[in-house]
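Residue numbers (this note's numbering): 21 to 172.
Where a beta carbon is used, it is the ideal one built from N, C-alpha and C, also for glycine.
Note that the coordinates shown come from a computational prediction; the quantities given were computed from them, not determined experimentally.
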């Protein structure tokens with residue numbers, strides 16, 4: 021059996037209805053942390069995830085449980101659309117599409133990655149660092165953006 025560190029990265033919701041697959045092993049991806057108000061509300065702290073090219077993400081929804089929530093554009097600092105996807109059965113968030121980050125998708129790196137999450141590269145950057153809880157500190161070398169990076 022192949023090692024979870026060398027097989028394509030797979031993310032599955034708790035009930036197993038939705039599977040997201042990326043072509044490369046987890047050692048190819050570095051997660052980011054987001055502390056925007058939406059990520060903080062949905063996780064009580066912030067969200068960890070990996071930003072991947074949309075074209076490389078395969079989504080299987082065998083039981084038709086994938087649901088989405090579109091945020092009110094007026095509430096978003098960028099003024100651009102943001103859609104959160106989740107399992108309608110178990111409620112796990114699966115991925116996020118942000119219009120301001122063209123051609124990319126944010127795949128949640130929490131429990132949905134299972135054992136493979138421990139093989140991800142170290143965190144490279146933090147979004148909305150101004151909102152992070154005071155008890156969190158980041159490793160030396162992590163880039164912290166106080167808000168969304170200017171190029172987005």
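Are there three or more Cβ pairs, one per stretch, closer than 8 Å when the stretch 106-121 is compared with the stretch 136-152?
Here the stretch 106-121 does not lie against the stretch 136-152, with fewer than 3 beta-carbon pairs under 8 Å apart.
Using alpha carbons as the reference points, say which of 69, 165, 112 lies closest to residue 124.
69
Does residue 172 come out as helix, strand or coil in the three-state DSSP assignment?
The pLDDT assigned to residue 172 is 48, lower than 50, so where the model puts this residue is not dependable; a value taken from the coordinates is nonetheless given after this. Coil, per DSSP.
For the alpha helix (DSSP H) that residue 54 lies in, which residues bound it at each end?
From DSSP, residue 54 is part of no alpha helix (DSSP H) but of the beta strand (DSSP E) over 52-54.
Just reading off the beta strand (DSSP E) that residue 150 is part of, what are its end residues?
Neither: residue 150 is in no beta strand (DSSP E) and is coded neither H nor E.
Assuming the contact rule is C-beta atoms closer than 8 Å, residue 114 and residue 132 should be a hit. Round their C-beta distance to whole Å, please.
6 Å
Would you be able to state if there are at least three C-beta pairs under 8 Å between the stretch 41-49 and the stretch 140-149?
yes
With a threshold of 16 other CB atoms inside 10 Å of the CB of residue 36, please say whether the residue is buried or exposed.
Residue 36 is exposed by the Cβ-count criterion.
Do you know how far the Cα of residue 83 is from the Cα of residue 75?
22 Å
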